[in-house]
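Peer 1: Sharing a structure here in structure tokens format.
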Amino acid sequence: MSHDTPLIGILVIGLGLAFILGTIAQRIRISPLVGYLLAGIAVGPFTPGFVADQPLAAELSEIGIILLMFGVGLHFSLKDLISVKAIAVPGALLQIVASVCIGAAVAWSLGMSAGACLIFGIALSVASTVVLLRTLQEQRLIETERGRLSVGWLIIQDLVTVLALVLLPIFAPVMTGGDHAAISLSGLGLSIALTIGKVAAFMALMLVVGRRVIPAILHYVAHTGSRELFRLALLALALGVAFMATEWFDVSFALGAFVAGMVLSESELSHRAAAETLPLRDAFAVLFFISVGMLFNPLVLIRQPLPLLMTFLVILVGTPLAVIAILRLLRQPWNTTLFIASGLAQIGEFSFILAALGIKMKVLDGRAQDLILGASILSILINPFILIATQRIEAWITRHAPTPTAIAGDEAGILLPPPTPTHFEGHAVVVGCGRVGRLVVEGLVQNGWPVLVVETGKMADPFAARDTVELMLGNAAEARTIKAMNLEKARLLMVAIPEPFEAGQIIAQARAVNPDIMIVARAHFDSAVEHLRELGANHVIMGEREMALAMLAMAVTDLPFDSRPPLTDPAAENGLDPVPA
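Per my numbering, residue 97 is the first one in the sequence shown, and the count goes up by one each step.
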């Protein structure tokens with residue numbers, strides 16, 4: 097292949113391999129992330145065949161991090177972050193200190209210098225933002241209490257890393273044992289104050305100016321009616337703010353993009369912005385995992401097996417145990433504690449940056465960097481399995497607790513025991529309680545139906561006070577939730593979520609449980625309509641088509657009879673119900 101097209105090479109071969117290996121991983125019921133990492137190893141410099149441009153891949157992965165953090169920020173507000181500060185701030189700081197101490201002890205046992213031990217420990221103490229956020233998004237936990245706490249924890253780690261990247265070069269003379277080992281306390285204090293001041297200045301600028309300017313720009317673009325311009329504006333704002341944060345304020349790309357999204361979250365356009373950026377976010381996030389895989393030299397498994405295992409155990413055992421001890425000390429429930437502990441049992445992008453800085457400062461050697469990179473790859477590979485194991489451990493603790501405690505609704509998620517079966521019979525089940533789902537529930541209640549609402553996160557508070565409405569927190573595509581919904585005795589299932597693949601899984605399982613149940617679903621495309629019908633839905637409502645039919649019905653009803661032109665019903669031509677008179 098010509099070396100004149102490195103970008104095309106990465107996109108075609110890298111993404112192509114990621115698709116193939118990710119599909120295989122999904123097929124054998126493991127995380128697609130494993131496939132993406134293997135694709136990166138395959139196109140990396142340590143394996144034969146095509147070698148992708150490593151610096152270019154790293155820059156593309158930064159775009160993925162920016163878009164991912166921007167999307168997470170869209171689901172947050174400053175109020176959400178303030179609500180978890182009492183746990184996230186002390187928890188993250190204590191965890192970093194504990195992880196640094198454990199990592200430094202391992203480095204000391206491997207014969208590294210004091211300075212190398214410090215950098216090695218810091219590199220093992222900060223989790224990968226991308227990995228944990230992908231888990232939160234896949235499980236729909238971003239807007240739950242544990243999701244907010246996890247994001248707050250990551251932000252504290254990010255800020256500590258930024259501070260470390262500024263301060264470590266100042267200590268370089270001491271770490272390398274040079275003649276100029278004296279450090280000016282005034283210079284050190286000035287560097288700390290300058291770093292904190294830059295972060296504070298960036299936050300103030302975004303909260304005072306950005307809160308007005310960013311939504312105003314997007315509202316203007318939205319009113320032009322151009323979807324293309326709206327997407328372009330989102331991309332330009334996310335990348336532009338992240339770039340400005342790094343170039344002007346020495347803040348990381350990730351934190352800059354997160355703050356930009358958080359500022360926009362208070363706008364009514366936040367939901368549309370999240371939907372429009374999703375495809376790009378997913379594609380570039382895959383490039384992040386490819387770039388991580390490219391860094392891994394498989395020979396480290398042969399050359400340094402014992403040091404690599406010790407480094408890996410710091411991440412896999414040391415950090416999670418520290419997190420568990422800290423969160424239990426802070427009186428957090430077991431399900432939140434175990435989820436965050438397992439989610440932080442990996443390291444990623446910031447660890448690579450710290451290792452590269454250590455090499456540049458001539459404090460770390462290539463051997464230490466290989467250990468950090470190898471342990472990172474292994475931790476990301478095994479993290480999905482840790483989450484599954486944690487789920488089982490938490491369920492065992494819940495079953496054997498001497499005094500079971502009620503779990504708050506906001507704490508629902510993958511680590512909870514199976515939902516309590518509903519007591520309703522002859523009821524309607526509504527899956528999804530967003531804007532569409534809430535209207536459906538209101539209409540069913542007004543018509544005298546007992547309604548079971550199934551959602552993965554927060555639900556509208558007014559429903560909780562109604563005797564004819566029962567709330568169930570869980571993923572309706574999971575077998576244990578399907579069982580708890582009592583579909584055998586239900587009369588109606590309304591699938592109000594927009595994702596056709598997940599909706600299809602729910603419909604297929606519901607039809608297998610109860611062949612006679614009436615199933616109504618929603619879709620955005622003709623192909624999704626056919627897909628859901630084939631899986632067993634009696635009726636599939638496509639929003640755009642229903643709006644068109646409603647507009648036709650109003651025209652037919654309101655125009656004087658003599659002025660009505662002959663109308664052909666497009667619904668009837670497509671085999672659908674005719675326009676109501």
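Ideal Cβ placement from N, Cα and C applies to all residues, glycine included.
Should V609 and I578 be called a contact, given that it needs their Cβ atoms to be closer than 9 Å?
Peer 2: Yes, the pair counts as a contact, with Cβ atoms nearer than the cut-off.
Peer 1: Give me the Cα-Cα distance between G118 and I478, rounded to the nearest whole angstrom.
Peer 2: The straight-line gap from Cα to Cα measures roughly 15 Å.
Peer 1: Specify the secondary structure class of I83 as computed by DSSP and reduced to three states.
Peer 2: Since the first residue of the chain shown is 97 and the last is 677, residue 83 is not available in this structure.
Peer 1: DSSP three-state call for R678: helix, strand or coil?
Peer 2: With the chain covering 97 to 677 only, the question about residue 678 has no answer from this structure.
Peer 1: What are the boundary residues of the beta strand (DSSP E) that V636 is part of?
Peer 2: Here the beta strand (DSSP E) through V636 covers H635 to M638.
Peer 1: So for R587, helix, strand or coil by DSSP?
Peer 2: It is coil, neither helix nor strand.
Peer 1: To the nearest angstrom, report how far apart V550 and A148 are at their CA atoms.
Peer 2: Going by the C-alpha atoms only, they are around 45 Å apart.
Peer 1: In this structure, does DSSP put V168 in helix, strand or coil?
Peer 2: Helix, per DSSP.
Peer 1: Taking C-beta to C-beta, are Q442 and A604 nearer than 9 Å?
Peer 2: The answer is no: Cβ separation not under 9 Å.
Peer 1: Does the Cβ-Cβ distance between T564 and V547 come in under 9 Å?
Peer 2: Cβ distance < 9 Å, so T564 and V547 count as in contact.
Peer 1: Excluding the 5 residues flanking D176 on each side, which residues of the same chain have their C-beta closer than 6 Å to its C-beta?
Peer 2: Around D176: R244.
Peer 1: List the residues that DSSP assigns as beta-bridge partners of V549.
Peer 2: According to DSSP, V549 bridges with V526 and L567.
Peer 1: What does the alpha-carbon distance come out to for the pair G285 and L535?
Peer 2: Whole-angstrom Cα-Cα distance: 57 Å.
Peer 1: Any chance the region 429-446 sits against the region 462-481, with 3 or more Cβ pairs inside 8 Å?
Peer 2: Yes, they touch.
Peer 1: Can you tell me whether I443 is helix, strand or coil according to DSSP?
Peer 2: I443 falls in the coil class under three-state DSSP.
Peer 1: What do you get for P416, buried or exposed, if any count of 16 or more other CB atoms within 10 angstroms of its CB means buried?
Peer 2: It counts as buried.
Peer 1: Going by the CB atoms, is the gap between S348 and V258 shorter than 9 Å?
Peer 2: Yes, the pair counts as a contact, with Cβ atoms nearer than the cut-off.
Peer 1: Taking F408 as the reference, give the member of H635, S221, H627 and K181 with the closest Cα.
Peer 2: It is S221.
Peer 1: Can we say the region 201-216 touches the region 452-467, given the rule of at least three CB pairs closer than 8 Å?
Peer 2: Yes: the two stretches touch, three or more of their Cβ pairs being nearer than 8 Å.
Peer 1: Going by alpha carbons, who is nearest to T240 out of F115, V541 and V180?
Peer 2: Selected option, being the one with the closest Cα: V180.
Peer 1: Got a sec? Which residues, its chain only, sit under 6 Å from M302 by beta carbon, not counting five neighbours each side?
Peer 2: Contacts found: V355 and V359.
Peer 1: Distance, Cα to Cα, E343 vs V168?
Peer 2: If I take the Cα positions, the gap works out to 22 Å.
Peer 1: Pick from D622, I252 and L164: whose alpha carbon is nearest that of V227?
Peer 2: Ranking the options by Cα distance to V227, first place goes to L164.
Peer 1: Taking the Cβ atom as the reference point for each residue, do L133 and G389 lie within a distance shorter than 9 Å?
Peer 2: Yes. Within cutoff.
Peer 1: I believe A586 touches I613 by the beta-carbon criterion, under 8 Å. Please report the beta-carbon distance rounded to the nearest angstrom.
Peer 2: Contact holds; Cβ gap of about 6 Å.
Peer 1: Pair every Cβ in the region 368-385 with every Cβ in the region 193-200, then say whether three or more of these pairs are closer than 8 Å.
Peer 2: With a cut-off of 8 Å, the region 193-200 and the region 368-385 do not count as touching, because too few Cβ pairs lie within range.
Peer 1: When the Cα atoms are used, what is the spatial distance from P517 to L423?
Peer 2: Approximately 30 Å, taken between the alpha carbons.
Peer 1: Three-state secondary structure (DSSP) at A619?
Peer 2: In the structure shown, A619 sits in a strand (DSSP, three-state: E or B).
Peer 1: So, is L453 buried or exposed, given that buried needs 16 or more other C-beta atoms within 10 angstroms?
Peer 2: L453 comes out buried.
Peer 1: Starting from D346, follow the alpha helix (DSSP H) in both directions and report where the run begins and ends.
Peer 2: Run containing D346: none; DSSP gives neither H nor E here.
Peer 1: Could you give the distance in angstroms between the alpha-carbon of I398 and the alpha-carbon of I473?
Peer 2: One C-alpha to the other measures close to 15 Å.
Peer 1: Could you tell me the distance, in whole angstroms, from the CA atom of R308 to the CA atom of S363?
Peer 2: R308 and S363: Cα-Cα distance of roughly 10 Å.
Peer 1: According to the neighbour-count rule (16 or more other Cβ atoms, all chains shown, within 10 Å of its Cβ), is V527 buried or exposed?
Peer 2: Buried, by the Cβ-count rule.
Peer 1: Verify whether the separation of the beta carbon atoms of I445 and I161 is less than 9 Å.
Peer 2: Residue identity check: residue 445 is Glu in the sequence provided, not Ile. Against a cut-off of 9 Å, the Cβ pair of I161 and E445 comes out as a contact.
Peer 1: Assuming contact is defined by CB atoms lying nearer than 9 Å, are L628 and A599 in contact in what I supplied?
Peer 2: It is a contact, given that the beta carbons lie within the stated cut-off.
Peer 1: Secondary structure at M614, three-state DSSP: helix, strand or coil?
Peer 2: Of the three classes helix, strand and coil, the one that applies to M614 here is strand, per DSSP.
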